[in-house]
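Structure, as structure tokens:
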Amino acid sequence: PNVCAVQKLIGTNRKYFTNCKQWYQRKICGKATVISYECCPGYEKVPGEKGCPAALPLSNIYETLGVVGSATTQLYSDRSNLRPEIEGPGSFTIFAPSNEAWASLSAETLDSLVSNVNIELLNALRYHMVNKRVLTDELKHGTALNSMYQNLPIQIHHYPNGIVTVNCARLLKADHHATNGVVHVIDKVIATTTNSIQQIIETEESLETLRAAVAASNLNSLLESEGQYTLLAPTNEAFEKIPRETLNRILGDPEALRDLLNHHILKSAMCAEAIIAGLTMETLEGTTLDVGCSGEELTLNGKPIIANKDVLATNGVIHFVNELLIPDSAKTLFELAQESAVSKSMDLFRQAGLSSHLTGSERVTLLAPINDVFKDRIPPVDSSMKNLLLNHIVKDQLSSKYLYHGQKLQTLGDKELRVFVYRNNLCIENACIAAHDKRGRFGTLFSMDKMLTPPSGSVMDVLKADHRFSTLVAAIQSAGLTETLNRPGTFTVFAPTNEAFRAMPQGELNKLMGNAKELANILKFHVADEILVSGAVGALVRLKSMQGDKLEVSVKNHVIHINKEPVAESDIMATNGVIYAVNSVLQPQASRPQERGDEPADPALEIFKQASALSKVSQRNPRLAPVYSRLLAKMKENSGGF
């Protein structure tokens, strides 16, 4: 009973009192902790008994300070003549700095307090006090308590991870009851604060550039207003690290500048002591930042760029950062690409002389193939490649979440691209989106898994233009399907190559080509009336063919298979569909060999089955006897007699 778990950070004096609800996984800021157990406040051990069963008698606040490890606060309260007050009647709360907290003050600060014991030290201690009893569960996040020094406010933050801070000083030991109040031990000596975030910016020399930017974007009133914000304040040094051209562009663009500054303002006050692991926080711009820690350092998006932390203001807290955090919404397409795996395709756009479309104020969407597309070869940039790249730039700034199936997109190369929405992918023509899109100031970046091949004619046009399909083209014309594959539609065609037809026995091929109806039936089995690009194929996709039977499309070792036959080439795009080249002629179920062996079914056997059934019926019905006789004669003719 009455035992509290304590996690101590190895190599430091930092302790965290935890419970089942707030358990820190034996790590604080990535560093291992040692777990020990102590008597909870107000209890002590009894020899021979488990836990801490004995309740300590209560004493006044002055005496309690010595018991809880704040002897220095006790000493200074004696020197400053605060002792009589905290020994006497009343109901107080004192946030008592630990011995280590006092020791960490600079010699200059400590001297200024102690040298004038009657006033400065007394005022400092009274700022740590509240004229009522306040327990931890009453310390609500974002509230303020009036101190006993000129009623100046003390900022309270109670975080979801259980950590409580007072003016960004962490509560180490909470809720030590006394006869005349309660004692909370904190890890810092707290100071009064009377300036807003805006007032601190105006007086801090290292924030001169930020001051000008805030004024230009009219954010002064926000940073002066009541609230609880966290400002990640970029120093002059942070602005100087940005290329001059980029900085001038942002400073000269009011919307980009406002987005930039809002990206440095968090919606709630976040003290450094509350961060013991990584968490995601929302900015005023609507974006998120990954705030974390590594040892003693705070990190932003994984980088230890916070130079000075926990500068407290009346309306929040400031952390000085030595790198500028530029949000996507203030970047050009080229700047967005620097953080994405599309650098090789961006080089192609530069070589093609298309940079102006990606850096100016033109509203576009860039369909940029990822670097893996070019792992074997980077294509040379000639006139045809430039035209192809122009068709990777879509007019208008899009967002993938608003794209819909069948949508048409116009490119700068005057081509029309189609959008295909599948269960597992979102594709534009033959290429699918490989990563979340990045929305910049004027352009949006879509990372694509392939180079796009815009359609260049109907299915029949494409087949006629490719010498591999000359036999198929002749078969389509013979079967009367030319008009079907020329009309607008959404076809997926598994197109047998000349090689596929040559692989058929000559007699079977001649028979097929001579029977228009059977030929049309076979060809329709190769066509589905919906577009399926290879990026949409998961383990197995079933399509209904125009013939009626199902087609099974699957992927194995990165190769598309149709009815278990490998596809020779995928995603040959047409204006009314997509074509897959296959090196075999697919057979519908009805045309496949029967279950017994590889021989075709014996027509005589079928006749015999019909004859057997009719013989029984004819015995009961004399009118069917002539039919039965003719059937027997036909059977003898086919089998040569019994």
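Yeah, the sequence shown ends on 642 if you go by the UniProt record's numbering, and it's all consecutive. For every residue, glycine included, the Cβ atom is placed at its ideal position computed from N, Cα and C.
Classify Gly98: buried if its beta carbon has 16 or more other beta carbons within 10 angstroms, exposed otherwise. Translated into the one-based positions of the sequence shown, residue 98 becomes position 98. Checking the sequence, you will find Ser at residue 98 rather than Gly. By the 10 Å Cβ count, Ser98 comes out buried.
Rounded separation between Glu85 and Ser147 - CA only: Here residue 85 refers to the residue found at position 85 of the sequence shown. Here residue 147 refers to the residue found at position 147 of the sequence shown. Glu85 and Ser147: Cα-Cα distance of roughly 15 Å.
Report the rounded CA-to-CA distance for Ser397 versus Thr365, giving the unit in angstroms. Sequence index remark: in the sequence shown, residue 397 carries index 397 (1-based). Sequence index remark: in the sequence shown, residue 365 carries index 365 (1-based). Here the sequence assigns Gln to residue 397, which means Ser is not the residue at that position. Gln397 and Thr365: Cα-Cα distance of roughly 5 Å.
Unbroken stretches of the alpha helix (DSSP H), 4 residues or longer, contained in the UniProt domain "FAS1" (58-190): 61-67, 71-79, 83-87, 99-103, 107-114, 120-127
Among Thr193, His141, Ile119, the one whose alpha carbon lies nearest that of Pro153: Stepping through the sequence shown from its first residue, residue 153 is reached at position 153. It is Thr193.
Give the list of continuous alpha helix (DSSP H) stretches no shorter than 4 residues that lie fully inside the UniProt domain "FAS1" (329-452). 333-337, 343-351, 355-359, 383-390
Closest residue to Asn387 among Leu409, Thr453, Pro369 (Cα-Cα distance): Position 387 of the sequence shown, counted from the start, is the residue given in the question as residue 387. Cα-wise, what sits closest to Asn387 is Thr453.
Using CA atoms only, rank isn't needed, just tell me which of Met573, Gly577, Val553, Asn576 is closest to Val567. For this step, residue 567 is matched to residue 567 along the sequence shown. Out of Met573, Gly577, Val553, Asn576, Val553 has the C-alpha closest to the C-alpha of Val567.
How long is the line joining the alpha carbons of Met546 and Asn486, rounded to whole angstroms? By 1-based counting over the sequence shown, the position of residue 546 is 546. By 1-based counting over the sequence shown, the position of residue 486 is 486. Cα-Cα distance, rounded: 15 Å.
Taking the alpha-carbon of Arg377 as reference, which of Val394, Ser400, Ser345, Ala337 has the nearest alpha-carbon? As a position in the sequence shown, residue 377 is number 377, starting the count at 1. The residue with the shortest Cα to Cα distance from Arg377 is Ser345.
Leu65 versus Ile201 - alpha carbon distance: Position 65 of the sequence shown, counting from 1, holds the residue named residue 65. Position 201 of the sequence shown, counting from 1, holds the residue named residue 201. Taking the straight line joining both Cα atoms gives about 38 Å.
Just checking, does the segment 390-406 make contact with the segment 461-476 on the three C-beta pairs under 8 Å criterion? no
Once you ignore the five residues that flank Thr411 on each side, which residues in its own chain have a CB closer than 8 Å to its CB? Numbered from 1 along the sequence shown, position 411 holds the residue referred to as residue 411. Same-chain partners within the cutoff: Leu390, Asn391, His392, Ile393, Val394, Lys395, Leu417, Pro454.
Quickly, what does DSSP pair Glu205 with across the bridge? List them, please. Within the sequence shown, numbered from 1, the residue matching residue 205 stands at position 205. Glu205 is not bridged to any residue.
Reference Val166, options Ser196, Met129, Gln199, closest by Cα: Residue mapping note: residue 166 aligns to position 166 of the sequence shown, counting from 1. Here the closest residue by C-alpha is Met129.
Per-residue DSSP class, three states only, for Lys267: Your numbering for residue 267 matches position 267 in the sequence shown. Looking at Lys267 - three-state DSSP - the assignment turns out to be coil, as it is neither helix nor strand.
At least three beta-carbon pairs within less than 8 Å, the segment 335-345 to the segment 199-215: no
Less than 6 Å between C-beta atoms, sequence neighbours within five positions excluded: which residues of the same chain meet that for Gly489? The sequence position of residue 489 within the sequence shown is 489, counting from 1. Once the five neighbours on either side are set aside, the close Cβ partners of Gly489 are Asn576.
How would you call Gly535, buried or exposed, if buried means at least 16 neighbouring beta carbons within 10 angstroms? The sequence position of residue 535 within the sequence shown is 535, counting from 1. Burial call: buried.
For Gln228, three-class secondary structure by DSSP: Stepping through the sequence shown from its first residue, residue 228 is reached at position 228. Reduced to three states, the DSSP call for Gln228 is coil.
With DSSP run on the structure shown, which of helix, strand or coil describes Pro588? In the sequence shown, counting from the first residue as 1, residue 588 sits at position 588. In this structure, Pro588 counts as coil in the three-state DSSP scheme.
N-terminal and C-terminal residue of the beta strand (DSSP E) that Ser570 is part of: The residue labelled residue 570 in the question sits at position 570 within the sequence shown. Start and end: 565-574.
Taking the beta carbon of Ala55 as the centre, do at least 16 other beta carbons fall within 10 Å, making it buried, or is it exposed? Taking the sequence shown and counting its residues from 1, one reaches residue 55 at position 55. Label assigned to Ala55: exposed.
What three-state label does DSSP hand Arg14 in the structure shown? As a first step, residue 14 is located in the sequence shown; it is residue number 14 there, counting from the start. DSSP places Arg14 in coil when its eight states are reduced to three.
Identify the continuous alpha helix (DSSP H) that holds Pro254 and give its terminal residues. Working through the sequence shown from its first residue, we reach residue 254 at position 254. Unbroken alpha helix (DSSP H) run through Pro254: 254-262.
Could you compute how far the alpha carbon of Ala5 sits from the alpha carbon of Phe17? In the sequence shown, the residue the question calls residue 5 occupies position 5. In the sequence shown, the residue the question calls residue 17 occupies position 17. Near 6 Å, if we compare the C-alpha coordinates of Phe17 and Ala5.
I'd like the span of the beta strand (DSSP E) that includes Met513, first residue to last. Stepping through the sequence shown from its first residue, residue 513 is reached at position 513. Segment 506-513 is the alpha helix (DSSP H) holding Met513; no beta strand (DSSP E) there.
Going by CA-CA distance only, name the one from Val183, Ala269, Ala581, Leu284 that's closest to Val68. Taking the sequence shown and counting its residues from 1, the one referred to as residue 68 is at position 68. It is Val183.
Other residues of its chain near Val311: CB distance less than 6 Å, five sequence neighbours each side excluded: Reading the sequence shown from its first residue, position 311 is the one you call residue 311. Closer than 6 Å at Cβ, skipping near neighbours: Ile318.
So if DSSP puts Leu551 in a beta bridge, which residue, or which two residues, is it bridged to? Counted from its first residue, the sequence shown places residue 551 at position 551. According to DSSP, Leu551 bridges with Leu543.
Would you kindly work out how many angstroms separate the C-alpha atoms of Ala307 and Pro57, rounded to a whole number? Taking the sequence shown and counting its residues from 1, the one referred to as residue 307 is at position 307. Taking the sequence shown and counting its residues from 1, the one referred to as residue 57 is at position 57. Answer to the nearest angstrom: the Cα atoms are 46 Å apart.
Look at Val585 and Ala503 and say whether their C-beta atoms are less than 9 Å apart. Position 585 of the sequence shown holds residue 585. Position 503 of the sequence shown holds residue 503. In this structure, Ala503 lies closer than 9 Å to Val585 by Cβ.
Whole-Å CB distance - Phe320 paired with Ala191, under 8 Å assumed: On the sequence shown, residue 320 is found 320 positions in, with the first residue counted as 1. On the sequence shown, residue 191 is found 191 positions in, with the first residue counted as 1. Wrong, their Cβ atoms sit about 17 Å apart, outside the cutoff.
Over the uninterrupted alpha helix (DSSP H) stretch that includes Thr492, give me the two end residues. Translated into the one-based positions of the sequence shown, residue 492 becomes position 492. Looking at the DSSP string, Thr492 is not in any alpha helix (DSSP H); the run it does join, the beta strand (DSSP E), is 491-496.
Assuming Gly302 and Leu231 form a contact by the criterion Cβ under 8 Å, report the distance between their Cβ atoms to the nearest whole angstrom. As a position in the sequence shown, residue 302 is number 302, starting the count at 1. As a position in the sequence shown, residue 231 is number 231, starting the count at 1. 20 Å between Cβ atoms; not a contact.
Just to check my reading of the structure: Ile250 and Leu257 have Cβ atoms closer than 8 Å, yes? What is that Cβ distance to the nearest angstrom? Sequence index remark: in the sequence shown, residue 250 carries index 250 (1-based). Sequence index remark: in the sequence shown, residue 257 carries index 257 (1-based). About 6 Å; that satisfies the 8 Å criterion.
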